[in-house]
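Asks: Before I ask anything, here is the structure I am working with.
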Amino acid sequence: MHDEDRIIVRHGGPLRGEVVIPGAKNAVLKLMAATLLADGEYVLRNVPAIADVGIMSDLLMSIGVTSTWEGPGRLRMVNAGQLRPVAPYELVERIRASINVLGPLLGRCGHVELSLPGGDDFGSRPIDMHLKGLEAMGATFELRHGVVEATAERLHGAEITLEFPSVGATENILTAAVFAKGTTVIDNAAREPEIADLCQFLVGMGAQFEGIGSSTLVIHGVERHELHSTDHAVVADRIQAATYLAATAVSGGEVVLRGARADHMEMLLRRFRDMGLTITSIGDGTNPGDGLAVWAQGRLHSIDVATLPYPGIATDYKPLVVTMLTVADGVGIVTENLYPGRFRYVEELQRLGADIRADGHHAVVRGVPRLSGAPVRAPDIRAGAALVVAGLAAEGETSVAGVHHVDRGYDDLVGRLAALGADIERASAG
Ligand code: EPU
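Numbering (this note's numbering), first residue to last: 187 to 616.
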């Protein structure tokens, strides 16, 4: 009897077959927020069935945009033009991406009340760069009782250099700039593929961008009547794709990842090849049958890895890489450059017999031949998925609690792994 869901996983034979990679959480949530910019009916395709999409739907519903599932992966959203630019604490505290309503609402309504955001709890995650960028465009902010009140008559274009390529700050500034008077230039912009996806979505709505996918983004402001709703397929999730690569890496086997975009994961694929995986691209990632094929045989080799903003190795891959290193041959040093506190899952991996020493930004991982199953708890989305992968590499049974974290970002992780032959099931509460 458990009072919460758990994922039960055991080491088994090699994984074989095909897995379809769903759309990216960190793209779809931003696209949903961007529907605040223009009235009309939107259809988003390749939408992952994850809890965070539901939370973002609730937040947008409270502001005035409705979302309805029209079928698997297909979300219809309607912005009927009656917006209440208030993001209440009960909704905002549940996901970091709620901060993404700030840019669109400021551009569209000229006024926003936003409770300060929550999301995963790794160290402090300030929004100073978001506010500084929007201030340069003419917005003013007041912080009262945990609520940011933002005001702008009409935003104007500005030249903004980010001191760090923050994903969220880049997104808020670029969405606000869509309606600004004149041209906005964002230098040192974040270049994650999910940001390019957001820009493409906005271009589909009539916005004018130059430099999409580069670190200098240029946004030419348009008038209200020039923007309209659109249909869009969400970019494939590179983090979910990496999860199936890691699962295959520790189990052995041969798996095809349909929809995965090799061009969005180049650095990671290079390092995974260094660890001994054979990975080939199928097509260029733009057709439905395209993707990646991975073949894993024998023990992985250790490597050293440092996380960096895109195109570097994403911090979100790190728990997976650390998990692979726990059973690799040799010693690997992992350096975290984004979030100081993001090594909490290390203690959980240690419960499974991993030999890891973590200190500040660094972890030294000495591979052991096999982990040993135990009850563990997921501290956040990515670490949760990594613990499931660790369970595949562990003798006996591993039971992962804190599954609600995994549900926030993974579309049926258990079903997808089971379909590849993994010995895994979800034990429901009760
Ligand atoms: N930062 C500041 N000031 C700011 C903004 C960011 O100091 O104004 C710092 C943060 O505290 C952090 C670093 O800069 O240390 C990176 O933050 P960034 O703004 O780039 O990240 P984010 O937009 O908050 C997104 C993803 C994260 C992912 C990071 C880095 C979403 C909803 N979240 O967060 O994804 O780890 O980029 O790639 O897109 C996840 O999906 O599990 C997740 C946590």
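Where a beta carbon is used, it is the ideal one built from N, C-alpha and C, also for glycine.
Nearest CA to the CA of Arg556: which residue from Leu511, Glu534, Ser585?
Replies: Ranking Leu511, Glu534, Ser585 by Cα distance to Arg556 puts Leu511 first.
Asks: Which same chain residues, not among the five before or five after Asp373, have their C-beta less than 6 angstroms away from its C-beta?
Replies: Answer for Asp373: Thr347, Thr402, listed in chain order.
Asks: Please state whether the Cβ-Cβ distance between Ile425 and Ala479 is less than 9 angstroms.
Replies: Result no, Cβ atoms of Ile425 and Ala479 do not sit closer than 9 angstroms.
Asks: Determine the direct distance from the alpha carbon of Arg456 to that of Val600, and round the result to whole angstroms.
Replies: Taking the straight line from one Cα to the other gives about 27 angstroms.
Asks: Cβ-heavy atom distance between Leu573 and the ligand EPU below 8 angstroms?
Replies: No, Cβ of Leu573 sits at least 8 angstroms from all heavy atoms of the ligand EPU.
Asks: With distances taken from CA atoms, which of Ala283, Ile241, Leu291, His297 is nearest Ile313?
Replies: Comparing Cα-Cα distances from Ile313 to each of Ala283, Ile241, Leu291, His297, the minimum goes to Ala283.
Asks: Thinking C-alpha only, which one of Gly546, His547, Glu581, Ala615 is nearest Gly559?
Replies: It is Glu581.
Asks: What is the C-beta distance between Leu245 and Ala433, in whole angstroms, given that I count them as a contact (C-beta under 8 angstroms)?
Replies: The Cβ separation is near 32 angstroms, so there is no contact.
Asks: With which residues is Pro561 paired in a DSSP beta bridge?
Replies: Answer by DSSP bridge pairing, in chain order: Ser585.
Asks: Beta carbon of Leu360, beta carbon of Leu384: below 9 angstroms?
Replies: Going by C-beta atoms, Leu360 is nearer than 9 angstroms to Leu384.
Asks: Bridge partners of His548, per DSSP?
Replies: According to DSSP, His548 bridges with Thr521, Asp545.
Asks: Give me, in chain order, the residues of the same chain whose beta-carbon lies closer than 7 angstroms to that of Ala375; leave out the 5 immediate sequence neighbours on both sides.
Replies: Leu348, Pro351, Thr356, Ser401, Thr402, Leu403.
Asks: Exposed or buried, which one is Lys504 when buried takes at least 16 other CB atoms within 10 Å?
Replies: Buried.
Asks: Measuring alpha carbon to alpha carbon, tell me which of Ala571, Thr370, Ala419, Arg552 ends up nearest Pro258.
Replies: The residue with the shortest Cα to Cα distance from Pro258 is Ala419.
Asks: Where DSSP assigns a beta bridge to Phe327, which residues make up the other side?
Replies: Its beta-bridge partners are Ala336.
Asks: Between the C-alpha atoms of Gly309 and Gly267, what's the straight-line distance to the nearest angstrom?
Replies: Since pLDDT at Gly309 reaches only 47, below the 50 mark, its modelled position is unreliable, and the value read off the structure follows with that caveat. C-alpha separation (whole angstroms): 37 angstroms.
Asks: Would Val251 be called buried (16 or more neighbouring beta carbons within 10 Å of its own) or exposed?
Replies: Buried is the call here.
Asks: Between the region 393-400 and the region 427-441, do at least 3 Cβ pairs fall closer than 8 angstroms?
Replies: Too few Cβ pairs lie closer than 8 angstroms, so no.
Asks: If we ignore side chains and look at the alpha-carbon of each, how far apart do Arg202 and Gly484 end up?
Replies: So the alpha carbons of these two residues sit roughly 15 angstroms apart.
Asks: Does the distance between the C-beta of Asn265 and the nearest non-hydrogen atom of the ligand EPU fall short of 8 angstroms?
Replies: Asn265: no, Cβ never under 8 angstroms from the ligand EPU.
Asks: Below 8 angstroms on the Cβ atoms is my contact criterion, and I expect Val589 with Asp191 to pass it. Report the Cβ-Cβ distance as a whole number of Å.
Replies: Yes, they are in contact, since the Cβ atoms of Val589 and Asp191 sit about 4 angstroms apart, within 8 angstroms.
Asks: Would you mind giving the Cβ-Cβ distance between Tyr525 and Pro565, rounded to the nearest angstrom? I have them listed as a contact below 8 angstroms.
Replies: The pair is not a contact, with the Cβ atoms about 12 angstroms apart (cut-off 8 angstroms).
Asks: Which of the three DSSP states, helix, strand or coil, is assigned to Asn232?
Replies: The answer is coil: DSSP assigns Asn232 none of H, G, I, E or B.
Asks: So for Ser467, helix, strand or coil by DSSP?
Replies: Residue state, collapsed to three classes: strand.
Asks: Which residue comes first and which comes last in the beta strand (DSSP E) that contains Met263?
Replies: Met263 -> beta strand (DSSP E) spans 260-265.
Asks: Using 8 angstroms as the cut-off, can you tell me whether the region 204-212 makes contact with the region 230-243, which would need three or more C-beta pairs spanning the two stretches below that distance?
Replies: With the cut-off at 8 angstroms, the region 204-212 and the region 230-243 touch.
Asks: Rounding to the nearest angstrom, what Cα-Cα distance links Glu452 and Tyr496 in this structure?
Replies: Glu452 and Tyr496: Cα-Cα distance of roughly 10 angstroms.
Asks: Going by beta-carbon coordinates alone, are Asn523 and Ala492 separated by less than 9 angstroms?
Replies: Going by C-beta atoms, Asn523 is nearer than 9 angstroms to Ala492.
Asks: Cβ atoms of Asn358 and Asn286: under 9 angstroms apart, would you say?
Replies: In this structure, Asn358 lies closer than 9 angstroms to Asn286 by Cβ.
Asks: Under a three-way DSSP split, which group does Gly209 fall into?
Replies: Gly209: strand per DSSP, three-state reduction.
Asks: Run the proximity test for Lys367: is its beta-carbon closer than 8 angstroms to any non-hydrogen atom belonging to the ligand EPU?
Replies: Flag unset: Cβ of Lys367 not near the ligand EPU.
Asks: Pull the bridge partners of Leu403 from the DSSP assignment, please.
Replies: Bridge partners of Leu403: Ile372.
Asks: Less than 9 angstroms between the C-beta atoms of Gly390 and Ala422, yes or no?
Replies: No, the Cβ-Cβ distance between Gly390 and Ala422 is not below 9 angstroms.
Asks: Within the same chain, show all residues whose beta-carbon is closer than 6 angstroms to that of Asp460, passing over the 5 residues directly before and after it, in chain order.
Replies: The answer, listed in chain order, is Ile489.
Asks: Should Ala428 be listed as close to the ligand EPU, given that the test is whether its C-beta is under 8 angstroms from any heavy atom?
Replies: False, no ligand heavy atom lies under 8 angstroms from that Cβ.
Asks: I need the straight-line Cα distance from Val550 to Glu611, nearest angstrom please.
Replies: Straight-line Cα distance between these residues: approximately 31 angstroms.
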